[in-house]
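Start counting the sequence shown at 995; every next residue gets the next number (the numbering used here). This report refers to the structure that appears directly beneath it.
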Amino acid sequence: MTVDGKNYPYSRALLRASAIILTCALVACGGGTGLGPGEIQKREEKLRERLPIDWNSYNDNDYQGSIDFFIKTLQEADALEGIELGVRNQVKAEAQSGIGWSFIRLQNLPAAAQAFGIATQLDRTNADAWVGWAGVALAQRAYADVLQYTNNALENDPDYNSATRIDAAGRVLGHDAVDERHVRLMLAEAYFQLGRYSAADRPDPNNAAAQVRLVDRNFRYRDPGQLLEKISELSLELQDLVSAG
């Protein structure tokens, strides 16, 4: 190329280099996967479609088998390239939550707590994982943790129902028959054990009696003994529902 009467023999090389840079920007070379949006979406859908199968194994009462299924989903999530990080974490959180619920059924509470902890780190909006972790904390008498985990669950899903869970595409992720009433009773028991029985002088939901009233509108607090009896009564009623489910 001649500019102002001077030859610049390297100009063609510069043009070629510019073309290479532009091509790399368009196809994401130098670190990207090179996968198009359609292929990435296909991979994400394929990954999400594993979860209903995993939960089916759980619902067939094959809890060790369901753990194996969920672990394979975790491995697949880590292996697939090009998947958006948010999608990957959501799938992995759901798989870890499934592992946690399976360990509850196998009565391995430390392993369940570990799985729920990982799940809620990956996706803090997964109410199902928070509820499972709250159940473990209640069994371990970690009442302050119960308050934190149940409140997180209800903030993310005020109408929580484990049996009717679906994802954004309508895939079925349901299991057991635990709903918002069970969560309220976990709160009630934790508040009771912490000595926060009632707040009759002000509208404060942060006590056992208020949570019981959200389950049974006809309940009226008289004393701690009557409150404990009602919590036990409602717990037995809801336990029957879980067993039937």
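Using N, Cα and C, we set each Cβ at its ideal position, and we do this for glycine too. Treat the numbers as computed from the prediction; the structure is a model and nothing was measured.
- Between the stretch 1116-1129 and the stretch 1157-1177, the count of Cβ pairs shorter than 8 angstroms is three or higher; the stretches touch.
- For the alpha helix (DSSP H) assignment, the uninterrupted runs of no fewer than 4 residues enclosed by the stretch 1152-1235 are, from N- to C-terminal side, 1174-1187, 1202-1209.
- In terms of Cβ geometry, ALA1105 and ALA1113 do not form a close pair [threshold 8 angstroms].
- Between TRP1095 and TYR1052, the CB-CB gap stays under 8 angstroms.
- Burial is judged here by how many other beta carbons sit within 10 angstroms of a residue's own beta carbon; ASP1198 has fewer than 16 and is exposed.
- Across the structure, VAL1206 and ARG1190 are spaced so that their CA atoms are roughly 13 angstroms apart.
- By the neighbour-count criterion, in which 16 or more other beta carbons inside 10 Å mark a residue as buried, THR1067 falls on the buried side.
- The shortest CA-to-CA distance from VAL1166 to any of ASP1048, ALA1203, ILE1034, PHE1213 is the one to ASP1048.
- Taking the Cα of LEU1045 as reference, the smallest distance to any Cα among ASP1139, ILE1093, GLY1080, LEU1100 is reached at ILE1093.
- For ASN1146, the uninterrupted alpha helix (DSSP H) run begins and ends at 1137-1150, by DSSP.
- A check of alpha carbon separations from LEU1232 across ASP1210, ARG1214, PRO1218, GLN1220 identifies ASP1210 as the nearest.
- Its chain contains TYR1057 as the residues whose beta carbon lies nearer than 6 angstroms to that of LEU1100, once the 5 sequence neighbours on both sides are disregarded; these appear in chain order.
- Within the stretch 1076-1148, the complete alpha helix (DSSP H) runs of at least 4 residues fall at 1079-1099, 1103-1116, 1121-1133.
- By the CB criterion at 8 angstroms, GLY1168 and SER1156 fall inside the cutoff.
- When DSSP states are grouped into helix, strand and coil, ASN1053 belongs to the helix group.
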